[in-house]
Amino acid sequence: MYIPYEKIFNTIALFAPVKFGVKIKKFGQKLKVKSNIRHISKNKKKVIKKLKEKIKNNEKINVAFYIYDETKWKSQSIYDLMENDKRFIPYIFVSKNCSPENNMNFQTKDDIKKVYDFFKNKKMRVFYAYDFEKDDYIPLNEMPIKPDIVFYSHPWYIYETQGPVMASKYAITSYIPYFLATSVSPIEYYTRFHQYVENHYVLNDLIKNYYAKNMDNKGINLKSTGHPMLDYFYLNKNKYFENKNYTIYAPHWSVDKNNNLHWGTFLDLGYKILNYAKSHPELNWVYKPHPCLENYLIKNNYFSKDEINSYRKEWQNIGQIMETGDYLDLFMQSKALITDCGSFETEYFLTKKPLIHLKSNIDPTPFNPSVEKIVKSCYEAKNFDELEQILNEILIKNNDYKMLERKKVYEELGYENNYAAKNIIEDILNCLK
């Protein structure tokens with residue numbers, strides 16, 4: 541029987557002193573989470589039994605990838621492998637995130653159509669999971685194809701009827717983050733969402749062990765498989781890439797203390813790096829901002845829309861701007877990356893090219909053990925003077941003096957022959973044996 545613990549205790553809290561009211565609300569939230577986890581566990585047994593029957597009867601398993609932002613689509617290798625596997629039929633559910641209108645992540649209907657067209661143009665099997673006429677979210681079990689497995693790539697802004705608690709009634713819920721795990725912040729592994737999904741796939745044992753020791757469930761739903769966004773490097777390791785010597789500047793959005801990360805250095809370095817690029821037109825420049833950066837700067841009154849447009853125009857005059865999610869070819873054709881974006885630290889590291897990490901001076905959230913190992917083997921700049929020295933050395937003098945150090949860490953982390961898509965599919969099948 542379903543008991544609305546959270547609503548009950550929120551009501552009680554209204555009649556309590558503020559100090560005790562907060563504690564009462566938190567207690568109600570904990571009871572709700574525990575209750576949902578119990579229901580999810582019971583549902584899992586029924587779902588697995590159903591899927592075993594489908595396999596026994598040679599029926600295909602329907603696998604849905606729930607997406608609301610095409611720039612964060614990182615599971616192509618799994619989709620492709622399943623497409624060529626007679627046991628699965630993969631497809632994309634495009635929905636609208638449920639962030640409020642004043643949030644930098646707010647989406648319009650045009651945004652949703654753009655996501656849909658992205659997958660349609662790739663000739664992938666795609667459906668809207670949002671009803672434009674009713675302006676409402678479609679429960680996933682009411683979609684044209686009812687899913688047996690649901691892959692999520694975003695842990696937030698998922699409408700309740702499409703979330704893992706509801707989906708667990710008819711499907712195995714799995715989570716592959718759209719980013720590579722980077723920080724030690726609980727937001728990466730300890731929200732309600734992370735406790736509700738039945739499989740949470742992580743990059744390696746360093747990250748799995750760190751998460752597990754800080755989780756109430758001791759990481760029982762964590763699986764160390766590698767990340768499908770890195771399968772690109774495995775699948776293309778023998779491919780020839782023309783070296784276009786791109787120097788990429790990729791700033792993160794977390795430019796102040798009004799967030800959990802504090803990694804962003806754009807306010808200090810954005811124009812200085814642009815001016816350096818202007819003074820070195822012989823280099824092939826690419827500006828690749830985080831998808832949230834410019835909206836964040838505008839909404840928090842750091843820049844006006846006109847100022848952002850002017851800044852972008854200056855980059856267009858000397859190079860190019862890259863904003864799509866398909867940027868790994870660009871990485872392989874590049875000469876170096878300048879970034880304060882944690883997820884890029886690991887991705888770009890696999891190119892074996894020079895990586896310059898911009899360290900924030902506003903108490904940045906520490907990296908997890910895996911990324912920390914990578915950053916220590918790369919270049920790090922705490923201010924523009926340090927950055928300029930590094931750039932002059934590796935871009936102008938072509939002296940990549942940390943190359944051997946990076947190579948050693950690359951080998952230690954075992955990235956060379958890891959195929960995450962295959963590992964994840966094998967894990968699913970093992971659950972159904």
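Take our numbering: the final residue in the sequence shown is number 973, and no numbers are missing along the way.
The beta-carbon is built from N, C-alpha and C at its ideal position, and this holds for glycine as well.
Suppose you measure from the CA of residue i to the CA of residue j; what does that come to, to the nearest Å?
i: residue 685; j: residue 800; result: 38 Å
i: residue 750; j: residue 908; result: 8 Å
i: residue 715; j: residue 694; result: 8 Å
i: residue 624; j: residue 970; result: 19 Å
i: residue 912; j: residue 885; result: 10 Å
i: residue 654; j: residue 704; result: 25 Å
i: residue 816; j: residue 942; result: 22 Å
i: residue 637; j: residue 887; result: 26 Å
i: residue 872; j: residue 891; result: 6 Å
i: residue 661; j: residue 874; result: 26 Å
i: residue 881; j: residue 599; result: 43 Å
i: residue 802; j: residue 898; result: 12 Å
i: residue 572; j: residue 757; result: 16 Å
i: residue 708; j: residue 639; result: 23 Å
i: residue 788; j: residue 576; result: 44 Å
i: residue 785; j: residue 609; result: 29 Å
i: residue 719; j: residue 612; result: 8 Å
i: residue 631; j: residue 698; result: 18 Å
i: residue 903; j: residue 804; result: 11 Å
i: residue 830; j: residue 596; result: 46 Å
i: residue 618; j: residue 768; result: 7 Å
i: residue 879; j: residue 583; result: 43 Å
i: residue 659; j: residue 605; result: 11 Å
Starting from the Cα of residue i, find the closest Cα among the options and give me that residue.
i: residue 646; options: 832, 756, 901, 870; result: 832
i: residue 883; options: 951, 791, 824, 840; result: 791
i: residue 967; options: 660, 738, 656, 602; result: 738
i: residue 901; options: 922, 894, 917; result: 922
i: residue 965; options: 855, 689, 896; result: 689
i: residue 813; options: 905, 896, 581; result: 896
i: residue 766; options: 650, 717, 574; result: 717
i: residue 869; options: 783, 797, 906, 929; result: 783
i: residue 962; options: 622, 582, 580; result: 622
i: residue 960; options: 818, 772, 588, 700; result: 772
i: residue 859; options: 930, 819, 683, 667; result: 819
i: residue 838; options: 644, 948, 633; result: 644
i: residue 974; options: 797, 824, 855; result: Residue 974 lies beyond the residue range present for the chain, which begins at 541 and ends at 973; the question has no answer from this structure.
i: residue 910; options: 711, 770, 953, 894; result: 953
i: residue 711; options: 768, 602, 696; result: 602
i: residue 914; options: 947, 932, 930, 925; result: 947
i: residue 906; options: 780, 835, 753, 726; result: 726
i: residue 927; options: 876, 957, 949, 778; result: 876
i: residue 808; options: 593, 616, 776, 842; result: 842
Helix, strand or coil: how does DSSP classify residue i here?
i: residue 760; result: coil
i: residue 853; result: helix
i: residue 734; result: helix
i: residue 863; result: coil
i: residue 719; result: coil
i: residue 669; result: coil
i: residue 628; result: strand
i: residue 701; result: helix
i: residue 579; result: helix
i: residue 840; result: coil
i: residue 953; result: helix
i: residue 620; result: helix
i: residue 549; result: A caution first: residue 549 carries a pLDDT of 49, below 50, which makes its placement in the model too unreliable to give a value.
i: residue 886; result: helix
i: residue 658; result: helix
i: residue 962; result: helix
i: residue 910; result: helix
i: residue 724; result: coil
i: residue 871; result: helix
i: residue 676; result: strand
i: residue 541; result: Any reading at residue 541 must be qualified, since the residue scores a pLDDT of 49, below 50, and its modelled position is unreliable; the value itself is stated next. Looking at residue 541 - three-state DSSP - the assignment turns out to be coil, as it is neither helix nor strand.
i: residue 611; result: helix
i: residue 976; result: What is shown of the chain runs 541 to 973, which leaves residue 976 out entirely.
i: residue 681; result: helix
Examine chain B for any beta-carbon lying closer than 7 Å to the beta-carbon of residue i, and answer yes or no.
i: residue 634; result: As a matter of chain content, chain B is missing from the structure shown, which is built from one protein chain.
Using the beta-carbon count (16 or more within 10 Å), is residue i buried or exposed?
i: residue 774; result: buried
i: residue 672; result: exposed
i: residue 944; result: exposed
i: residue 748; result: buried
i: residue 633; result: buried
i: residue 635; result: buried
i: residue 894; result: buried
i: residue 549; result: Per-residue confidence for residue 549 stands at a pLDDT of 49, beneath the threshold of 50, marking its modelled position as unreliable; the derived number appears in the next sentence. Buried.
i: residue 780; result: exposed
Is residue i a contact residue of the ligand PLP, with contact defined as CB to any heavy atom under 6 Å?
i: residue 708; result: This structure does not include the ligand PLP; it has no bound ligands of any sort.
Report task. Ignoring anything shorter than 3 residues or poking outside the segment 753 to 834, list the beta strand (DSSP E) runs there in chain order. Result -> Considered as a whole, the segment 753 to 834 harbours 762 to 764, 786 to 790, 824 to 827 as its complete beta strand (DSSP E) runs of no fewer than 3 residues, in chain order.
Query raised in the report: Which runs of the alpha helix (DSSP H), 4 residues or longer, sit entirely within the segment 919 to 947?
Result: 924 to 931
Query raised in the report: Which ranges does the beta strand (DSSP E) cover as unbroken runs of at least 3 residues, wholly within the segment 579 to 607, from first to last along the chain?
Result: 601 to 607
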